[in-house]
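All remarks here apply to the structure that follows.
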Amino acid sequence: MNSSSRLLHTYGTVMHGFAARLTEEESRRMSSTPGVSGVYRSRMRFTQTTRSPGFMGLHEEFGAWPDSELGDGVIIGFIDTGIWPESASFNDTGLGPVRSTWKGTCVAAEGFNASSCNNKLVGAKVFAAEQDGTLTPRDKDGHGTHVSGTAAGSEVRGASLFGFSRGTARGVAPRARIAMYKACNREACPESSIVAAIDAAVSDGVDVISMSLGLGRTDGNPAFYDDVIAVATFGAERRGVFVVLSGGNSGPEASSVVNVAPWMTTVGAATTDRVFPATLKLGNGAVVTGQSLYPVEAQGGTSMVPLVYSSCDKYGMIPDNVTGKVLVCKVERNYVESGIYAQSVGGAGIVGVQSEARFRDAVDAQAFTLPGLTLSYIGRTKLDAYMSSVPYPVASFGFSCDTVTGENRAPMVAGFSSHGPNSVVAEILKPDVVAPGVNILAAWSGDAPPSYAREDARRVEYNIVSGTSMACPHVAGAAALIKKRHGDWTPAMVRSALMTTATPLDKNGRRILDNGVGYDSNNGVDDGTCDNATPLAAGSGLVLPRLAMDPGLVYDLGTQDYVDLLCTLNYTTEQMRRFVPGTNGCARTLPGGAANLNYPSLVAVFDNRTSARTLMRTVTKVSAQAETYNVTVAAPSGVNVTVTPTTLVFRRQNEKKSYSVEFRSNAVKPAGAWEFGHITWENRKHQVRSPVAVLWEN
1 MNSSSRLLHT YGTVMHGFAA RLTEEESRRM SSTPGVSGVY RSRMRFTQTT RSPGFMGLHE
61 EFGAWPDSEL GDGVIIGFID TGIWPESASF NDTGLGPVRS TWKGTCVAAE GFNASSCNNK
121 LVGAKVFAAE QDGTLTPRDK DGHGTHVSGT AAGSEVRGAS LFGFSRGTAR GVAPRARIAM
181 YKACNREACP ESSIVAAIDA AVSDGVDVIS MSLGLGRTDG NPAFYDDVIA VATFGAERRG
241 VFVVLSGGNS GPEASSVVNV APWMTTVGAA TTDRVFPATL KLGNGAVVTG QSLYPVEAQG
301 GTSMVPLVYS SCDKYGMIPD NVTGKVLVCK VERNYVESGI YAQSVGGAGI VGVQSEARFR
361 DAVDAQAFTL PGLTLSYIGR TKLDAYMSSV PYPVASFGFS CDTVTGENRA PMVAGFSSHG
421 PNSVVAEILK PDVVAPGVNI LAAWSGDAPP SYAREDARRV EYNIVSGTSM ACPHVAGAAA
481 LIKKRHGDWT PAMVRSALMT TATPLDKNGR RILDNGVGYD SNNGVDDGTC DNATPLAAGS
541 GLVLPRLAMD PGLVYDLGTQ DYVDLLCTLN YTTEQMRRFV PGTNGCARTL PGGAANLNYP
601 SLVAVFDNRT SARTLMRTVT KVSAQAETYN VTVAAPSGVN VTVTPTTLVF RRQNEKKSYS
661 VEFRSNAVKP AGAWEFGHIT WENRKHQVRS PVAVLWEN
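Okay, here's the thing in structure tokens:
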């Protein structure tokens, strides 16, 4: 293999280095070469797959949209699977030219050339080949097109999937510009390609980077110095680029959240108040309601047919076991794909049931090719009870093909949304916020089926899908609105505005529920209900762009603050040079430890040496008028909390004030116990809310 074919990428903006194919011996020799601060194996990361802007409080007549001119001119860089440029969501009607400082271009590649771009899609580059070796920014998967449309899609009237969710599709920042950096194919995203994409995006001049990808369920979070994506995004933050990433789909397991560095904004997924109901009428007359995107042509219902349990595996689709029957899938999988297999041998329908309580009260709808629906865990228990009570269970489907809004409790943290605590630095609370990520309608690739099933021959212009991948671009769009209004704000100020104005309450003023957690506190048994979402699930809460435009106070951070954190983590000089090339080591650390990073959330850790912790924070006033803020405290159970001072008086814009928070344990808690509360600085106009978490390690 010649040297040119071994070199994959070179990096010169967010970090200095290259990606190449090396043997193990070459890698070892390279790591000991003077001037080389680190050698990384390129791991694989994975994508984490009309109403949501309105659900976040965005309106045409008032608030964040008119105040930010719909994000006009702000450039969002997407690191994803590519883009389908012909989608109506990427039309540039009414948009002026991109700013003169923009350096991005649209590459000429197979099925893609410069004319594929316009004043909406202002850049498209490719860093990862498809499985067949094709190099093109064109999206063969659908994921990249969907997230781009979610964040910044232009207004498109009459958009729907098979008639579901019909309405006006548009992104959170519909006049923002899109630049696509393809670093993923249908299978995965090589880290070497991701870093090359980040490097190019920052060099081109994007304002926001949106990355709906992360490590797999079993990979865990490496230390920041051993995480090449953490290093690359640190370089992006140093250059003023706001970076937002999805938190992962491995919830509700503790410490499953990924992308946890403090310079990343980490997003969990929440439901909206929109559902697509379908019913299963059982032989005993009972009706179980689920969700379905079975096409509108199917309006009505089906006759009673036998119900049978099945693994719904392709190789188990024996005609005698399937023909004329509705299969109840016992194993979580792509139910549409299972339905296609069943349909090929005469199956009458598919019921996808959630085998885990984490999908207790909400599920994602799926676009079946034959009669089918998905049931929540609660629905599954009702179906199981019936099927176990009769020798020959039967059922029929009912399809209204309706899109129902406003009737269900929402938002809820999605059952799949990954939870904290942060497995790298427990004192940095993650996720930061949640955003709509369940049953989201947005643009889709003309080269991909709506179901991700390779056997699905259907093609659609818009698709409804779920995942923290869908939540992430909502926050990217919200950040674009803020950047338009406050172009001089640092990434940390933007993140602070999003976090301190997020709401922990649902649309009816009740606590947001966690769809993945529900236990009877008296006996520790899962009671089939949903508990209130803690900050380990919801972070600061649901993002509200309207309030984030004017947060009153922000918690700012600069590069040196992050460097101080890394030094506090006892990183060696060699490890520090991965973030700050040429540094001679650490000059200082954060007084009092990592918990004193000036983050918008607070985590106090009690160990066996102390039952008291004092944390410091500094806020910057970004509103124009003189203001006085008073503090209110909701103390975690078992903790006394004292804030000093209790009043902050600001006389001018950009003035800074510091305060301390003393946490003192007044109860005995088992090791690993968490309790939660919040601290709010408020006056008549602003509420600046920070979630508080307390951990007992002893």
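Quick note on numbering: the sequence shown equals residues 1 to 698 in the UniProt record's numbering. Think of the CB as a built atom: it goes at the ideal place given N, C-alpha and C, for glycine as much as any other residue.
(Q) Tell me the DSSP secondary structure of S27 in three-state form. (A) In the sequence shown, the residue the question calls residue 27 occupies position 27. Here S27 sits in helix by DSSP.
Q. Tell me, which residues are paired with V692 by DSSP?
A. For this step, residue 692 is matched to residue 692 along the sequence shown. According to DSSP, V692 shares a beta bridge with L602, G677.
Q) Which one of N439, G96, A20, V517 has the shortest CA to CA distance from S193? A) Within the sequence shown, residue 193 is the residue found at index 193, counting from 1. For S193, the nearest C-alpha among the options comes from A20.
Q.
Within the continuous alpha helix (DSSP H) that includes Q343, where are the two ends?
A. Counting from 1 along the sequence shown, the entry for residue 343 is found at position 343. Q343 -> alpha helix (DSSP H) spans 335 to 344.
(Q) Closest to F368 by C-alpha separation, out of L536, A236, T642, L161, would be which residue? (A) Here residue 368 corresponds to residue number 368 of the sequence shown, with the count starting at 1. For F368, the closest C-alpha among the options L536, A236, T642, L161 is that of L161.
**Q.** Distance between beta carbons of A478 and A548, contact taken as under 8 angstroms
**A.** Residue 548 sits at position 548 when you count from the first residue of the sequence shown. Residue 478 sits at position 478 when you count from the first residue of the sequence shown. The pair is a contact, with the Cβ atoms about 6 angstroms apart (cut-off 8 angstroms).
(Q) Going by the DSSP bridge assignment, what does T620 pair with across the sheet? (A) For this step, residue 620 is matched to residue 620 along the sequence shown. According to DSSP, which records beta bridges pairwise, T620 is partnered with V554, K656.
Q) Which residues bound the alpha helix (DSSP H) around H143? A) In the sequence shown, the residue the question calls residue 143 occupies position 143. For H143, the enclosing alpha helix (DSSP H) stretches over residues 143 to 152.
Q.
Rounded to the nearest angstrom, what separates D531 and H419 at their Cα positions?
A. On the sequence shown, position 531 is the one that residue 531 refers to. On the sequence shown, position 419 is the one that residue 419 refers to. Distance between D531 and H419, taken at the CA atoms: about 14 angstroms.
Q. Between the Cα of T610 and the Cα atoms of L597, E662, D506, which residue gives the shortest distance?
A. As a working mapping, residue 610 is identified with position 610 in the sequence shown. When only C-alpha atoms are compared, the closest one is E662.
Q: Would you tell me roughly how many angstroms separate the C-alpha atoms of E24 and G38, rounded to the nearest one?
A: Along the sequence shown, one-based indexing puts residue 24 at 24. Along the sequence shown, one-based indexing puts residue 38 at 38. Answer to the nearest angstrom: the Cα atoms are 14 angstroms apart.
Q | Other residues of its chain near A502: CB distance less than 7 angstroms, five sequence neighbours each side excluded | A | Indexing the sequence shown from 1 puts residue 502 at position 502. Only residues of its own chain outside the window of five on either side were considered, and among them V433, S540, G541, L542, V543, L544 have a CB closer than 7 angstroms to the CB of A502, listed in chain order.
Q. In terms of DSSP beta bridges, what is K182 paired with?
A. Looking up residue 182 in the sequence shown gives position 182. Beta-bridge pairing links K182 to D80, V126.
Q. Which whole-angstrom value describes the C-beta separation of F397 and T490, a residue pair presumed to lie in contact below a C-beta threshold of 8 angstroms?
A. As a working note, residue 397 is residue 397 in the sequence shown. As a working note, residue 490 is residue 490 in the sequence shown. The beta-carbon separation of F397 and T490, rounded to 53 angstroms, does not stay under the 8 angstroms limit for a contact.
(Q) T614 and S658 - do their beta-carbons sit closer together than 7 angstroms? (A) Locating residue 658 in the sequence shown gives position 658, where the first residue counts as 1. Locating residue 614 in the sequence shown gives position 614, where the first residue counts as 1. Cβ distance not < 7 angstroms, so S658 and T614 don't count as in contact.
**Q.** V451 versus I350 - alpha carbon distance
**A.** Taking the first residue of the sequence shown as position 1, residue 451 is located at position 451. Taking the first residue of the sequence shown as position 1, residue 350 is located at position 350. Before going on, a small fix: residue 451 reads as Ser here, not Val. Cα to Cα, the separation comes out at about 14 angstroms.
Q. Is the region 201 to 211 in contact with the region 456 to 476, if contact means three or more CB pairs nearer than 8 angstroms?
A. Contact between the region 201 to 211 and the region 456 to 476 is present: 3 or more CB-CB pairs across the two stretches fall below 8 angstroms.
**Q.** Proximity below 7 angstroms, CB of P535 to CB of L602
**A.** Counting from one through the sequence shown, the residue named residue 535 turns up at place 535. Counting from one through the sequence shown, the residue named residue 602 turns up at place 602. For the 7 angstroms CB-CB criterion, P535 and L602 do not form a contact.
Q. Just to confirm, are G247 and V267 a CB contact at a threshold of 7 angstroms?
A. If you number the sequence shown from 1, residue 247 lands on position 247. If you number the sequence shown from 1, residue 267 lands on position 267. With respect to V267, G247 sits close: the two C-beta atoms are nearer than 7 angstroms.
Q: Answer with buried or exposed for M470, where buried requires no fewer than 16 other C-beta atoms within 10 angstroms of its C-beta.
A: Along the sequence shown, read from residue 1 onward, the residue named residue 470 stands at position 470. When all chains shown are included, M470 counts as buried.
Q | N- and C-terminal bounds of the beta strand (DSSP E) containing M470 | A | As a working note, residue 470 is residue 470 in the sequence shown. Careful: M470 lies outside any beta strand (DSSP E), inside the alpha helix (DSSP H) at 468 to 485.
Q.
Taking only three categories from DSSP, how would you classify M387?
A. By 1-based counting over the sequence shown, the position of residue 387 is 387. Collapsing the DSSP output to three states places M387 in a helix.
Q: May I ask you to report which of helix, strand or coil DSSP gives F55?
A: On the sequence shown, position 55 is the one that residue 55 refers to. Helix.
Q. Since N259 contacts S423 with CB under 8 angstroms, what's their CB separation in whole angstroms?
A. Here residue 259 refers to the residue found at position 259 when the sequence shown is read from its first residue. Here residue 423 refers to the residue found at position 423 when the sequence shown is read from its first residue. N259 to S423, Cβ: 11 angstroms. No contact.
(Q) Below 8 angstroms, how does it come out for the region 6 to 19 and the region 182 to 198: are there three or more Cβ pairs, yes or no? (A) Cβ pair count under 8 angstroms is three or more, so yes.
Q.
If you reduce the DSSP assignment to three classes, tell me which class P545 lands in.
A. Start at 1 with the first residue of the sequence shown, and residue 545 comes out as number 545. Note: P545 maps to helix in three-state DSSP.
Q.
What does the Cβ neighbour count give for F62, buried or exposed, with the cut at 16 atoms within 10 Å?
A. As a working mapping, residue 62 is identified with position 62 in the sequence shown. Exposed, by the Cβ-count rule.
Q | Buried/exposed call for I318, threshold 16 Cβ in 10 Å | A | Position 318 of the sequence shown, counted from the first residue, corresponds to residue 318. Classification of I318: exposed, given that the 10 Å Cβ count is below 16.
Q | Entirely enclosed beta strand (DSSP E) segments - the region 248 to 303, minimum 3 residues | A | Those beta strand (DSSP E) runs which fall completely within the region 248 to 303 and span 3+ residues are 265 to 270, 277 to 282, 287 to 291.
Q: Classify Y629 as helix, strand or coil using the three-state DSSP reduction.
A: Start at 1 with the first residue of the sequence shown, and residue 629 comes out as number 629. Three-state DSSP puts Y629 in a strand.
Q: Kindly indicate which three-state DSSP category V351 falls into: helix, strand or coil?
A: As a first step, residue 351 is located in the sequence shown; it is residue number 351 there, counting from the start. Three-state DSSP puts V351 in a strand.
Q) CB F242 to CB W263, shorter than 7 angstroms? A) Here the question's residue 242 lines up with position 242 in the sequence shown. Here the question's residue 263 lines up with position 263 in the sequence shown. Pairing F242 with W263 gives a Cβ-Cβ distance that is not under 7 angstroms.
Q) What are the start and end residues of the alpha helix (DSSP H) that includes L566? A) Residue 566 sits at position 566 when you count from the first residue of the sequence shown. For L566, the enclosing alpha helix (DSSP H) covers residues 559 to 568.
Q) In terms of residue numbering, what span does the beta strand (DSSP E) encompassing G372 cover? A) Residue mapping note: residue 372 aligns to position 372 of the sequence shown, counting from 1. First-last of the beta strand (DSSP E) with G372: 372 to 375.
Q. Closest to A587 by CA distance: which of L441, V563, N598 is it?
A. Stepping through the sequence shown from its first residue, residue 587 is reached at position 587. Among L441, V563, N598, the Cα nearest to that of A587 belongs to V563.
Q | Cα-Cα separation between R684 and F676, rounded to whole angstroms | A | As a working note, residue 684 is residue 684 in the sequence shown. As a working note, residue 676 is residue 676 in the sequence shown. For R684 and F676, the distance between alpha carbons rounds to 25 angstroms.
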